[in-house]
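This report refers to the structure that appears directly beneath it.
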Amino acid sequence: MGNFIFGAVIAVLGLAYVGGWDPGNEAVGHIVEVHQVADVGLINGEPDAGVRVKTTIKNEGKEGFLRVKARLSSSEGEWTREQKLHFDSGESKDLAWFFSEPSVNASNVQSWVEVSPGVRSVQESKRKAI
-2 MGNFIFGAVI
8 AVLGLAYVGG
18 WDPGNEAVGH
28 IVEVHQVADV
38 GLINGEPDAG
48 VRVKTTIKNE
58 GKEGFLRVKA
68 RLSSSEGEWT
78 REQKLHFDSG
88 ESKDLAWFFS
98 EPSVNASNVQ
108 SWVEVSPGVR
118 SVQESKRKAI
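So in this note's numbering, spot 48 of the sequence shown is number 45, and the numbers just go up one at a time.
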C-alpha cells in the first residue's frame, strides 16, 4: 500500500512538471481576439512571404504566468509557436507570430490561439481562414 501511495505522488508531481502546472499561479487567460494577415517578414536578413497571427490576451485572474500557443495550418502542414509570459492582474497584451513556412500557393490556411491556464480561454479559441 505504501508503494502505491508513493507511486501516485510521483505520478502527480511528474505530470505537474511536464504540464507546467503551478499551484501558486492564479492567472486566468482570456483570448480577446485572433486574426491572421498575409505579411512579409525577415528570415535570415531576407524578406519572405508568410502569415502573421495576431492576438490580444487578457489576464482575468491574479498576477502570474500564461502560456500562449499560436498554430497555423494549411494544405502544406501545421506549425506552432509558443510563449510563456508574465501578466499583471487585469493586464492585456497584443502578441504576434510570423509563420514563413507556408508558400504563397498554400490553401485552406487557418490559425488559432490557445492560452493556459484558463479553461474558459481554451473554449474561446478562435479559427479564421484567409
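Cβ coordinates follow ideal geometry from the N, Cα and C atoms, glycine included. The structure displayed is predicted, hence computed values, not measured ones.
Any C-beta of chain D sitting closer than 8 Å to the C-beta of residue i?
i, result
"Gly42", "In summary, chain D is missing from the structure at hand, where a single protein chain is found."
Quick one: residues in its chain with C-beta nearer than 8 Å to the C-beta of residue i, no 5 flanking neighbours on either side, listed in chain order?
i, result
"Asp45", "Val37, Gly38, Leu39, Ser97"
"Gly101", "With the sequence shown as reference, residue 101 is identified as Val, and Gly is not the correct amino acid for it. Cβ neighbours of Val101 beyond the five flanking positions: Ala46."
"Ser104", "Ser71, Ser72"
Can you list, in chain order, the residues of its chain with a C-beta nearer than 6 Å to that of residue i? Leave out the 5 residues immediately preceding and following it.
i, result
"Val34", "Arg49"
"Pro99", "Ser71, Glu73"
"Ser118", "With a pLDDT of 42 at Ser118, under the threshold of 50, the modelled position of that residue is not reliable, and the figure given next carries that caveat. Correct list, in chain order: Gly26, His27, Ile28, Val112."
From what residue to what residue does the beta strand (DSSP E) around residue i run?
i, result
"Asp45", "43 to 56"
"Ala93", "89 to 96"
"Glu30", "26 to 40"
"Glu111", "107 to 113"
List the whole-angstrom C-beta distance separating residue i from residue j, where the pair is believed to meet the contact cut-off of C-beta under 8 Å.
i, j, result
"Thr77", "Lys66", "6 Å"
"Ala24", "Asn56", "5 Å"
"Leu82", "Ser108", "Contact doesn't hold; Cβ gap of about 19 Å is too wide."
"Thr52", "Val106", "Contact flag wrong, Cβ pair sits at about 16 Å."
Give the DSSP bridge partners of residue i, in chain order.
i, result
"Glu60", "Looking at the DSSP assignment, Glu60 forms no beta bridge with any residue, so it has no partner."
"Ser86", "Partner(s): none; Ser86 has no beta bridge."
"Ser70", "Glu75, Gln107"
"Val65", "Gln80, Val112"
Which same chain residues, not among the five before or five after residue i, have their C-beta less than 7 Å away from its C-beta?
i, result
"Asn22", "Gly61, Phe62, Pro114"
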